[in-house]
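Undergrad: Residue numbers (this note's numbering): 761 to 1105. Even glycine gets a Cβ: it sits at the ideal position worked out from N, Cα and C.
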Amino acid sequence: MENRHEIDDVLIYVSASGELDDRHVWRRDKLYQGMNGKFVERFYASPEQSYIFKPVTHEGSEDREAWVYKHILSAFPPIYPRLLGCSKPGQGKAGWSIFEDLGEISHRFNVKHALLVAKQIAWWHSFPAVHWGDVPDMGQKPNLRRMSADLYERKEEAEASLEGAELPRSLAGDILHKLEQAGSGLLDKDAEVLSHGDLHLGNYAVTESGELYILDWEHAHLNVPYWDLYYLLDMSHPRYPKQMTLAYRERILRYYLKQSAYYGKTWDEEAFIKDYSLLAAVFSLWMLMLIANDLQQGNSVWSRAELLSQRNEVKASLIDCWDRIEAGDDQENHVLHNTERAANQ
761 MENRHEIDDV LIYVSASGEL DDRHVWRRDK LYQGMNGKFV ERFYASPEQS YIFKPVTHEG
821 SEDREAWVYK HILSAFPPIY PRLLGCSKPG QGKAGWSIFE DLGEISHRFN VKHALLVAKQ
881 IAWWHSFPAV HWGDVPDMGQ KPNLRRMSAD LYERKEEAEA SLEGAELPRS LAGDILHKLE
941 QAGSGLLDKD AEVLSHGDLH LGNYAVTESG ELYILDWEHA HLNVPYWDLY YLLDMSHPRY
1001 PKQMTLAYRE RILRYYLKQS AYYGKTWDEE AFIKDYSLLA AVFSLWMLML IANDLQQGNS
1061 VWSRAELLSQ RNEVKASLID CWDRIEAGDD QENHVLHNTE RAANQ
């Protein structure tokens, strides 16, 4: 947090109703729209001075990012944009924050950048959950336990979403059965660590000078280590498409494990990657179900073309991760993967 003088300076740009005050703003540019319809904007106090204005963009995230900045990020290396001012606690949906402007940053996928993020994830995962104090235990999306329960309850929807993506309906039951076989390891609360909660491609960037910045911390919570990695590797986003390959996924996961060992936390590599792959398969199946619902309802903030592109990305991740789980068990388990690869060539 900046000094009191700078905080007071930026407060003049926001009206009493929690919106940018055009009387004091030279120019404003919309950057992106949140799920509630509000826009994150770059605004200029003058032609030479700009800031980022971020209203509450997701239900349930009120006051959370300011809390994370005060209680968690204050112990981090400077890998986040500075928070220069924010609304008082309790403003609810009218809450807002003002951040330093990092300038034009690219969110195009680059494996070297993903490795930098994986290194930082390994660092904050190396601390026990109690180290961070009273961190929320839920993020933007349901945890794996609730996600799997949702898939059981809506299994027909999950199967229909697979069929819509031209995948076998039976894959839903196979994935859920494999999760049952895995036991409680993936659901162990004692294994939980601090999670960013929304670490997709749009929420990190590397500047031209090579500095890594991780953005949008309002969904930070406690979760299993695989959660941040799924967002980094296999979480799709309509606005930030990427193509994750088998080689990239393995390389980044093994680099994470190497960095974890450096920070004093060791894992069995093969067991960890198989557990990651199972969580990724469950999460991707759940995402397919959400995307199918958005396509059917037709009232998403994303266009149909964006949703179809996102579905293809989720589908590719699901195929890769399921194939990784089944590798070595039975050659027939490779048919799904090989058929899909051949169809795309």
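1) Could you give the C-beta distance for leucine 982 and alanine 889, rounded to a whole number, given that I count them as a contact under 8 Å?
2) Are the beta-carbon atoms belonging to leucine 701 and proline 928 less than 8 Å from one another?
3) Mind reading off the beta-carbon distance from arginine 999 to glycine 945? Whole number of angstroms is fine, and I expect it under 8 Å.
4) Buried or exposed: which applies to serine 847, given that a residue is buried once 16 or more other Cβ atoms fall within 10 Å of its Cβ?
5) From the DSSP output, in three-state form, read off leucine 833 for me.
6) Please return the same chain residues whose Cβ sits closer than 8 Å to the Cβ of valine 877, not counting the five positions on each side in sequence.
7) Could you give the distance in angstroms between the alpha-carbon of aspartate 769 and the alpha-carbon of alanine 980?
8) Need the endpoints of the alpha helix (DSSP H) that tryptophan 1046 sits in, please.
9) Where does leucine 939 fall in DSSP's three states?
10) Specify the secondary structure class of lysine 1018 as computed by DSSP and reduced to three states.
11) Are the beta-carbon atoms belonging to histidine 1153 and proline 985 less than 8 Å from one another?
12) Please confirm whether any heavy atom of the ligand FMN lies closer than 7 Å to the CB of histidine 818.
13) Secondary structure at leucine 922, three-state DSSP: helix, strand or coil?
14) Helix, strand or coil, according to DSSP, for serine 969 in the structure here?
15) Kindly indicate the opening and closing residues of the beta strand (DSSP E) around valine 800.
16) Under the three-state reduction of DSSP, which class applies to asparagine 983: helix, strand or coil?
17) Which same chain residues end up closer than 7 Å to serine 1111 when comparing Cβ atoms and leaving out the 5 residues on each side of it in sequence?
18) Taking buried to mean at least 16 other C-beta atoms within 10 Å of its own C-beta, is arginine 1071 buried or exposed?
19) For glutamine 851, which three-state DSSP category applies?
20) Decide if glycine 899 is buried, meaning its Cβ has at least 16 other Cβ atoms within 10 Å, or exposed.
21) Alpha carbon to alpha carbon, how far is leucine 875 from leucine 1017? Give it in angstroms, no decimals.
22) Beta carbon of alanine 854, beta carbon of glycine 778: below 8 Å?
23) Starting from the C-beta of methionine 1049, find all residues in its chain whose C-beta is less than 7 Å away, skip the five residues before and the five after it, and write them out in chain order.
24) Out of Asp1083, Ala1065, Ala826, point me to the one whose CA is closest to glutamate 1010's CA.
25) Three-state secondary structure (DSSP) at aspartate 894?
26) Considering only the alpha carbon of each residue, which of Glu1030, Asp976, Ala1076 lies closest to isoleucine 839?
27) Report back the beta-carbon spacing between serine 1044 and valine 1074 to the nearest angstrom; my notes put them in contact at under 8 Å.
28) Near proline 815, what residues of its chain come up, given a Cβ to Cβ distance below 6 Å and the 5 sequence neighbours on each side ignored?
29) Which of the three DSSP states, helix, strand or coil, is assigned to tyrosine 964?
30) From the DSSP output, in three-state form, read off valine 953 for me.
31) Give me the Cα-Cα distance between aspartate 1054 and serine 1060, rounded to the nearest whole angstrom.
32) Per DSSP, what kind of secondary structure is glutamate 860 in: helix, strand or coil?
33) Could you please give the first and the last residue of the uninterrupted beta strand (DSSP E) stretch that includes aspartate 789?
34) Comparing alpha-carbon positions, which option in Ile865, Asp897, Gln1019 lies nearest proline 841?
35) Excluding the 5 residues flanking arginine 905 on each side, which residues of the same chain have their C-beta closer than 7 Å to its C-beta?
TA: In this structure, then:
1) About 5 Å; that satisfies the 8 Å criterion.
2) Nothing about residue 701 can be reported from this structure: the residues present for the chain run from 761 to 1105 only.
3) Actually they do not touch by this definition, with Cβ atoms about 34 Å apart.
4) Classification of serine 847: buried, given that the 10 Å Cβ count is 16 or more.
5) In the three-state scheme derived from DSSP, where H, G and I count as helix and E and B as strand, leucine 833 is classed as helix.
6) If we look at valine 877 and ignore the five residues flanking it on each side, its Cβ neighbours are Leu959, Tyr964, Leu972, Ile974, Leu992.
7) Their backbone Cα atoms lie some 28 Å apart in a straight line.
8) It spans 1029–1057 - the alpha helix (DSSP H) in which tryptophan 1046 sits, taken as one unbroken run.
9) Note: leucine 939 maps to helix in three-state DSSP.
10) In this structure, lysine 1018 counts as helix in the three-state DSSP scheme.
11) For residue 1153 there is no data in the structure shown, the boundaries of the chain being 761 and 1105.
12) This structure lacks the ligand FMN, and indeed carries no ligand of any kind.
13) In the structure shown, leucine 922 sits in a helix (DSSP, three-state: H, G or I).
14) Of the three classes helix, strand and coil, the one that applies to serine 969 here is coil, per DSSP.
15) 799–806 is the extent of the beta strand (DSSP E) around valine 800.
16) Looking at asparagine 983 - three-state DSSP - the assignment turns out to be strand.
17) Outside the modelled stretch of the chain, which goes from 761 to 1105, sits residue 1111, for which no answer is possible.
18) If you draw a 10 Å sphere on the C-beta of arginine 1071, you find 16 or more other C-beta atoms in it, and that means buried.
19) Three-state DSSP puts glutamine 851 in coil, outside helix and strand.
20) Classification for glycine 899: buried.
21) Going by the C-alpha atoms only, they are around 11 Å apart.
22) Yes, these two residues count as a Cβ contact at 8 Å.
23) Closer than 7 Å at Cβ, skipping near neighbours: Arg914, Glu917, Ala918, Ser921.
24) Cα-wise, what sits closest to glutamate 1010 is Asp1083.
25) In the three-state reduction of the DSSP assignment, aspartate 894 falls in the coil class.
26) Checking every option, the nearest Cα to that of isoleucine 839 belongs to Asp976.
27) That belief holds up - the Cβ atoms of serine 1044 and valine 1074 are roughly 5 Å apart, short of 8 Å.
28) For proline 815, where only same-chain residues beyond five positions count, the Cβ hits under 6 Å are Lys798, Trp856.
29) Of the three classes helix, strand and coil, the one that applies to tyrosine 964 here is strand, per DSSP.
30) Reduced to three states, the DSSP call for valine 953 is strand.
31) Taking the straight line from one Cα to the other gives about 6 Å.
32) When secondary structure is reduced to three states using DSSP, glutamate 860 falls in the strand class.
33) Segment 787–793, the beta strand (DSSP E) holding aspartate 789.
34) Among Ile865, Asp897, Gln1019, the Cα nearest to that of proline 841 belongs to Ile865.
35) Once the five neighbours on either side are set aside, the close Cβ partners of arginine 905 are Leu947.
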